[in-house]
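> So the protein lines, in turn, are chains A and B.
Each residue of the first sequence is one higher than the one before, starting from 1 at the first, in the working numbering.
Each residue of the second sequence is one higher than the one before, starting from 1 at the first, in the working numbering.
Backbone N, C-alpha and C fix where the C-beta goes; we use that ideal spot for every residue, glycine too.
Note that this is a predicted model, so its numbers are computed, not measured.
Once you've had a glance at the structure underneath, I'll fire off some questions.
There are 2 protein chains.
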Amino acid sequence: MTSKDQHLLVVGSIAFDDLDMPSGAHRNVLGGSATYASLSASLLARDHVRIVGVVGDDFPAAIVAELAARGIDTLGVARSPGQTFRWHGRYSADLASRTTLDTRLNVFAEFSPKIHPSHCSSRFLFLGNIHPALQIDVVNQVPETTLIAADTMNFWIEREPAHLASMLRRIDLLVINDEEARQLAGIHNLVRAAADIRKRGPKALVIKRGEFGALLFDDSGTFFVPAYPLEDVLDPTGAGDSFAGGLMGYLAVRGTASPHALRSAMFFAATLGSFCVEGIGPSRLLEIGRGDLSSRLAAFGKLVDHGGSLSLPG
Amino acid sequence: MTSKDQHLLVVGSIAFDDLDMPSGAHRNVLGGSATYASLSASLLARDHVRIVGVVGDDFPAAIVAELAARGIDTLGVARSPGQTFRWHGRYSADLASRTTLDTRLNVFAEFSPKIHPSHCSSRFLFLGNIHPALQIDVVNQVPETTLIAADTMNFWIEREPAHLASMLRRIDLLVINDEEARQLAGIHNLVRAAADIRKRGPKALVIKRGEFGALLFDDSGTFFVPAYPLEDVLDPTGAGDSFAGGLMGYLAVRGTASPHALRSAMFFAATLGSFCVEGIGPSRLLEIGRGDLSSRLAAFGKLVDHGGSLSLPG
Chain A
1 MTSKDQHLLV VGSIAFDDLD MPSGAHRNVL GGSATYASLS ASLLARDHVR
51 IVGVVGDDFP AAIVAELAAR GIDTLGVARS PGQTFRWHGR YSADLASRTT
101 LDTRLNVFAE FSPKIHPSHC SSRFLFLGNI HPALQIDVVN QVPETTLIAA
151 DTMNFWIERE PAHLASMLRR IDLLVINDEE ARQLAGIHNL VRAAADIRKR
201 GPKALVIKRG EFGALLFDDS GTFFVPAYPL EDVLDPTGAG DSFAGGLMGY
251 LAVRGTASPH ALRSAMFFAA TLGSFCVEGI GPSRLLEIGR GDLSSRLAAF
301 GKLVDHGGSL SLPG
Chain B
1 MTSKDQHLLV VGSIAFDDLD MPSGAHRNVL GGSATYASLS ASLLARDHVR
51 IVGVVGDDFP AAIVAELAAR GIDTLGVARS PGQTFRWHGR YSADLASRTT
101 LDTRLNVFAE FSPKIHPSHC SSRFLFLGNI HPALQIDVVN QVPETTLIAA
151 DTMNFWIERE PAHLASMLRR IDLLVINDEE ARQLAGIHNL VRAAADIRKR
201 GPKALVIKRG EFGALLFDDS GTFFVPAYPL EDVLDPTGAG DSFAGGLMGY
251 LAVRGTASPH ALRSAMFFAA TLGSFCVEGI GPSRLLEIGR GDLSSRLAAF
301 GKLVDHGGSL SLPG
């Protein structure tokens with residue numbers, strides 16, 4: 001199935017996270033939106049994934065080699081003098097909320113992604129949460145795409161509304177969480193917020209709701225995927241990016257962004273998200289294999305299998 | 001399909017609610033768990049539903065006649081001297097939480113359901129949220145059942161743990177919300193809480209999560225149904241009872257409580273819940289017909305239709 005036009009280009013942050021979890025403190029955990037999205041995508045689309053980001057000279061070459069060993073093309077990982085982007089966060093006891101204790105952009109402050117010529121033919125593009133002007137800059141460098149998806153966050157919604165509006169006009173799919181959707185639209189009801197956002201550019205919108213699943217809104221209607229009910233949730237960090245990576249990886253390997261493929265992709269997205277939260281940082285993503293993925297997908301299928309017809313009795 | 005053994009007996013409160021909604025105040029709104037559950041069930045299982053409850057001498061005969069006109073057997077609606085049960089609540093602006101301003105049990109304080117001999121052969125039993133000792137008393141009067149389902153609430157979990165434990169050993173299906181499940185099990189994680197609760201008696205458990213859908217746990221595994229995404233939510237009052245009524249009404253008319261039927265029933269439950277919240281009190285339940293139900297069921301089917309196989313690509 002591999003062909004030049006089925007590559008997924010993932011652009012975003014590569015980071016070290018310091019995580020204060022209810023279960024204890026974890027330091028120097030590999031993080032960043034591009035990291036989580038690439039790792040997740042590569043589990044579905046090995047050798048289709050290209051990561052673009054910047055690291056400092058403190059970033060171990062062994063980690064880049066580990067990504068490459070997983071079939072991720074790391075040609076786009078730039079190394080700059082200085083420290084790698086670092087985030088320090090603390091989670092509440094029920095993991096439902098978190099507080100940022102410290103953000104150090106470091107080399108990420110000057111990040112201006114230059115897409116390698118051999119990557120400009122990528123047909124699938126995932127723009128992690130970076131400045132919307134940079135997201136547009138990447139779009140300009142990748143001219144022939146099947147699907148351009150982007151994430152954003154409250155920071156850009158509040159501070160860069162003009163750039164954000166321009167970015168929205170350039171993408172096919174926006175992948176954000178429920179609070180971001182409400183804030184972006186200025187509308188509390190998610191169905192109405194989705195309709196409003198889709199008028200601003202992206203024909204498709206995915207609203208992530210964490211443990212409450214995710215909604216897809218597109219021209220074919222509304223589609224819902226639950227979060228897989230788990231017994232052990234250790235760390236939600238990166239779950240949203242893992243979701244997006246799973247979604248995009250599945251579409252890239254399928255080579256299509258049809259409404260039908262998008263609906264299947266939502267389950268692959270939720271599957272990767274469910275694995276992500278089972279370990280600290282990306283540890284679970286780094287240990288699972290095809291058997292684990294197949295088992296969870298089967299369980300997911302059972303979770304939503306209502307047995308066919310839902311016709312009215314009597 | 002109607003036969004003696006396919007009747008659903010609904011036992012619970014019949015009330016007047018005073019509702020302080022963001023949209024305004026509503027007084028003397030028909031309410032109560034038995035009311036919502038019966039109305040919902042009757043939309044799927046006309047002439048299969050029997051309601052058992054008590055009203056005061058202030059309760060208009062016209063309302064009882066209205067229930068009867070909808071095919072609900074009102075033989076079990078007792079009338080006692082005094083006032084009908086009354087609840088006064090205020091909802092938050094986003095409708096996500098509510099505060100009880102006043103509860104007047106009135107004639108409901110002495111409610112002790114005596115099941116009419118002609119109702120004792122009912123094969124489906126829904127025990128709304130009443131004292132667990134009364135729930136047991138009803139179970140004792142209905143000896144041959146296909147399915148006994150019950151609701152409960154934090155009040156009984158805190159104050160009547162022994163009676164509640166006895167009740168749980170007598171029922172097949174417990175239908176509660178997520179906070180009640182956590183409180184009952186003393187476990188925050190819902191998957192673990194569900195396993196704990198199912199060891200206490202009910203082989204099946206439904207955990208309702210309001211706008212976030214509902215989970216079914218039984219010997220066949222875990223099943224999820226989303227809440228239907230709505231543009232206009234006016235009043236969540238009675239949504240949980242409407243959900244339960246839809247679930248039980250569907251099973252009664254089908255005449256089975258098989259795992260397969262239960263999974264379909266979850267969609268009928270969510271469908272009735274979704275209509276309930278679209279109006280103040282039970283107003284929407286009172287105006288919809290088969291066409292509305294069919295349309296929403298079709299939309300529901302589309303909402304979760306992932307197109308079949310979820311096999312791993314590549």
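Can you pull out the residues from the stretch 173-195 of chain B whose beta carbon lies closer than 7 Å to at least one beta carbon of chain A?
Per Cβ criterion, the list reads His188, Asn189, Leu190, Val191, Arg192.
> Judging by CA-CA distance, which residue of Glu231(A), Phe217(A), Gly213(A), Asp232(A) is the nearest neighbour of Pro226(B)?
Residue mapping note: residue 226(B) aligns to position 226 of the second sequence, counting from 1. The shortest Cα separation from Pro226(B) among Glu231(A), Phe217(A), Gly213(A), Asp232(A) belongs to Gly213(A).
> Chain B partners of Phe224(A), CB-CB under 7 Å?
Residue 224(A) sits at position 224 when you count from the first residue of the first sequence. Neighbours of Phe224(A) on chain B, chain order: Pro226, Leu303, Val304.
> Any idea if Arg50(A) is buried or exposed, counting beta-carbon neighbours within 10 angstroms, 16 or more meaning buried?
To locate residue 50(A), count along the first sequence from 1; it is residue 50. Buried: at least 16 other Cβ atoms inside 10 Å.
> Taking a Cβ distance cut-off of 7 Å, strictly less, list which residues of the stretch 275-302 of chain B are near chain A, in chain order.
Listed by position, the residues of the stretch 275-302 of chain B near chain A (Cβ gap below 7 Å) are Arg290, Leu293, Ser294, Leu297, Phe300, Gly301, Lys302.
> If the cut-off is 8 Å on Cβ atoms, which residues from the stretch 55-71 of chain A count as contacting chain B, listed in chain order?
So nothing in the stretch comes that close.
> Who are the Cβ neighbours of Thr256(A) in its own chain at under 8 Å, not counting the five residues just before and after it?
Mapped onto the first sequence, residue 256(A) falls at position 256. So the list reads Thr146, once near-sequence residues are dropped.
> Buried or exposed: Phe155(B), going by 16 or more other Cβ atoms within 10 Å of its Cβ?
The residue labelled residue 155(B) in the question sits at position 155 within the second sequence. Classification for Phe155(B): exposed.
> Could you pull out every residue in the same chain whose Cβ sits closer than 6 Å to the Cβ of Thr99(A), ignoring the five residues on either side in sequence?
For this step, residue 99(A) is matched to residue 99 along the first sequence. The residues are Arg90.
> Run the proximity test for Thr146(B): is its beta-carbon closer than 7 Å to any non-hydrogen atom belonging to the ligand SAH?
As far as ligands go, the structure on display features none, and thus does not contain the ligand SAH.
> Against chain A, with Cβ distances strictly below 8 Å, would Tyr91(B) count as a contact?
The residue you call residue 91(B) lines up with position 91 of the second sequence. It does not: the Cβ of Tyr91(B) has no partner Cβ on chain A nearer than 8 Å.
> According to the neighbour-count rule (16 or more other Cβ atoms, all chains shown, within 10 Å of its Cβ), is Leu101(B) buried or exposed?
Numbered from 1 along the second sequence, position 101 holds the residue referred to as residue 101(B). Exposed: under 16 other Cβ atoms inside 10 Å.
> Which residues of chain A have a Cβ atom closer than 7 Å to the Cβ of Pro313(B), listed in chain order?
On the second sequence, position 313 is the one that residue 313(B) refers to. Within chain A, the residues near Pro313(B) are Leu44, Tyr250, Val253, Arg254.
> When the Cα of Asp20(A) is compared with those of Ala61(A), Leu44(A), Trp87(A), which residue comes out closest?
For the purposes of this step, residue 20(A) is taken as residue 20 along the first sequence, with counting starting at 1. If we check each option's Cα against that of Asp20(A), Trp87(A) comes out closest.
> Can you give the Cα-Cα distance for Glu158(B) and Thr271(A), rounded to whole angstroms?
Looking up residue 158(B) in the second sequence gives position 158. Looking up residue 271(A) in the first sequence gives position 271. Rounded to whole angstroms, Glu158(B) to Thr271(A) spans 37 Å at the Cα level.
> Strictly under 8 Å for the Cβ-Cβ distance: is Leu105(B) near chain A by that measure?
What you label residue 105(B) is simply residue 105 of the second sequence in a count that begins at 1. Judged by the 8 Å Cβ criterion, Leu105(B) is not in contact with chain A.
> Given Val10(B), which residues of its chain have a CB within under 6 Å of its CB, disregarding the five upstream and five downstream residues?
The sequence position of residue 10(B) within the second sequence is 10, counting from 1. Closer than 6 Å at the Cβ level, and outside the excluded window around Val10(B), lie Ala34, Ala37, Ser38, Ile51, Phe126.
> Determine which residues share a DSSP beta bridge with Asp18(B) and list them.
For the purposes of this step, residue 18(B) is taken as residue 18 along the second sequence, with counting starting at 1. The partner list for Asp18(B) (beta bridge, DSSP) reads His88(B).
> Within 8 Å of any Cβ in chain A, is that where the Cβ of Pro202(B) sits?
The residue given as residue 202(B) occupies position 202 in the second sequence. Not closer than 8 Å to any Cβ of chain A, the Cβ of Pro202(B) fails to qualify, so no.
> Assign Pro143(B) to one of two classes, buried (16 or more other C-beta atoms within 10 Å of its C-beta) or exposed (fewer than that).
Residue 143(B) sits at position 143 when you count from the first residue of the second sequence. So Pro143(B) ends up on the exposed side.
> Which residue from Asp58(A), Phe217(A), Ala298(A), Ile176(A) puts its Cα closest to that of Pro229(B)?
As a position in the second sequence, residue 229(B) is number 229, starting the count at 1. Taking only the C-alpha atoms, the option nearest Pro229(B) is Phe217(A).
> Given Asp18(A), which residues of its chain have a CB within under 6 Å of its CB, disregarding the five upstream and five downstream residues?
Taking the first sequence and counting its residues from 1, one reaches residue 18(A) at position 18. Cβ neighbours of Asp18(A) beyond the five flanking positions: Arg27, His88.
> Give me the chain B residues within the contact set of Pro229(A), using Cβ-Cβ distance strictly less than 8 Å, ordered along the chain.
Counting from one through the first sequence, the residue named residue 229(A) turns up at place 229. Going along chain B in sequence order, the residues near Pro229(A) (Cβ under 8 Å) are Leu190, Val191, Leu215, Thr222, Phe224.
> Can you pull out the residues from the stretch 121-132 of chain A whose beta carbon lies closer than 7 Å to at least one beta carbon of chain B?
Correct list: empty, as no residue qualifies.
> Taking only beta-carbon atoms, is Asp241(A) less than 8 Å away from chain B?
As a working note, residue 241(A) is residue 241 in the first sequence. Not one chain B Cβ lies under 8 Å of Asp241(A).
> How big is the Cα-Cα spacing for Leu75(A) and Ser112(A)?
To locate residue 75(A), count along the first sequence from 1; it is residue 75. To locate residue 112(A), count along the first sequence from 1; it is residue 112. Those two C-alpha atoms are separated by around 15 Å.
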